[in-house]
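Take a look at the structure set out below.
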Amino acid sequence: MDISTQEPALSVGEAAARVGLTTYTLRWYEQEGLVAPVGRDSAGRRRYTESDLDWLLLLTRLRRTGMPVRDMRRYAELARQGDRTLGARRALFEAHRARVLARMVELEEDLTVLNYKIDLYRRAEEGR
Numbered sequence: 088m089d090i091s092t093q094e095p096a097l098s099v100g101e102a103a104a105r106v107g108l109t110t111y112t113l114r115w116y117e118q119e120g121l122v123a124p125v126g127r128d129s130a131g132r133r134r135y136t137e138s139d140l141d142w143l144l145l146l147t148r149l150r151r152t153g154m155p156v157r158d159m160r161r162y163a164e165l166a167r168q169g170d171r172t173l174g175a176r177r178a179l180f181e182a183h184r185a186r187v188l189a190r191m192v193e194l195e196e197d198l199t200v201l202n203y204k205i206d207l208y209r210r211a212e213e214g215r
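Heads up, the sequence shown is in the working numbering, so the first residue is 88 and it goes up one at a time.
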C-alpha cells in the first residue's frame, strides 16, 4: 500500500527507536506475523504510522511481561479477525495476567532474599 497521501509516518529506524526495539527485531516481528503489512512510500520503503507504533508498543509490553511469541501471534491473528474474537482475546489476556501475577509473587519472594543478603553483608562489613 502506498501511504504517500496518508498521515506522516516513520522509517523502520525511527519506528524501532520510538518503541525501543532494534530494526532487526522490528523486521523479525513482521516476519513472524506479529505485525500486519506496513504501508510503504512511493520508493517502496516501509513507513510506520502512529497506529502501527501503538500496536508495536503493545507487543513490546506483552513480550516484556513474558508472553510467549506463540501467544502474541495468536493474539495478532485474533485481532485481525475483528470484534467476533473479543472474548478469545480477553481470555488470552486474562491467562497471561494470571502468569504475570504469579511471576510478580515469585519476584517479591526473590527480592526478599536479595534484601536479606544485602543487609547481612552490610552488617558484616560494618562489624569489621
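Just so you know, even glycine gets a beta-carbon here, dropped at the ideal spot from N, CA and C. It should be emphasised that the depicted structure is a prediction, and the values quoted were computed from it without experimental measurement.
Top-ranked residue by Cα proximity to residue i, from the options
i: Lys112; options: Leu143, Ala189, Asp158; result: According to the sequence displayed, residue 112 carries Thr and not Lys. Thr112 has its Cα closest to that of Leu143, out of Leu143, Ala189, Asp158.
i: Leu179; options: Tyr116, Met154, Glu196; result: Met154
i: Ala102; options: Gln118, Glu119, Glu117, Asp139; result: Asp139
i: Arg190; options: Arg132, Arg151, Gln118, Arg167; result: Arg151
Burial state of residue i, where buried means 16 or more other Cβ atoms lie within 10 Å
i: Val200; result: exposed
i: Val192; result: exposed
i: Tyr116; result: buried
i: Leu149; result: buried
i: Leu108; result: buried
Chain-order list of residues whose beta-carbon lies under 6 Å from that of residue i (same chain, five-residue window excluded)
i: Asp206; result: none
Opposing strand residues paired with residue i [DSSP bridges]
i: Leu97; result: Tyr135
i: Arg151; result: Paired residue(s): none; Arg151 is not in a bridge.
i: Arg114; result: Arg114 is not bridged to any residue.
Cut-off 8 Å between Cβ atoms - residues of its own chain near residue i, not counting five sequence neighbours on either side
i: Leu121; result: Leu146, Val156, Met159, Arg160, Ala163
i: Ser98; result: Arg132, Arg133, Arg134, Tyr135
i: Arg167; result: Ala123
Proximal residues to residue i (C-beta, below 7 Å), its chain only, five neighbours per side dropped
i: Gly100; result: Thr110
i: Glu119; result: Val156, Arg160
(request) Decide yes or no for the touch test of the region 166 to 174 against the region 183 to 194: beta carbon pairs closer than 8 Å, at least 3 of them. (result) no
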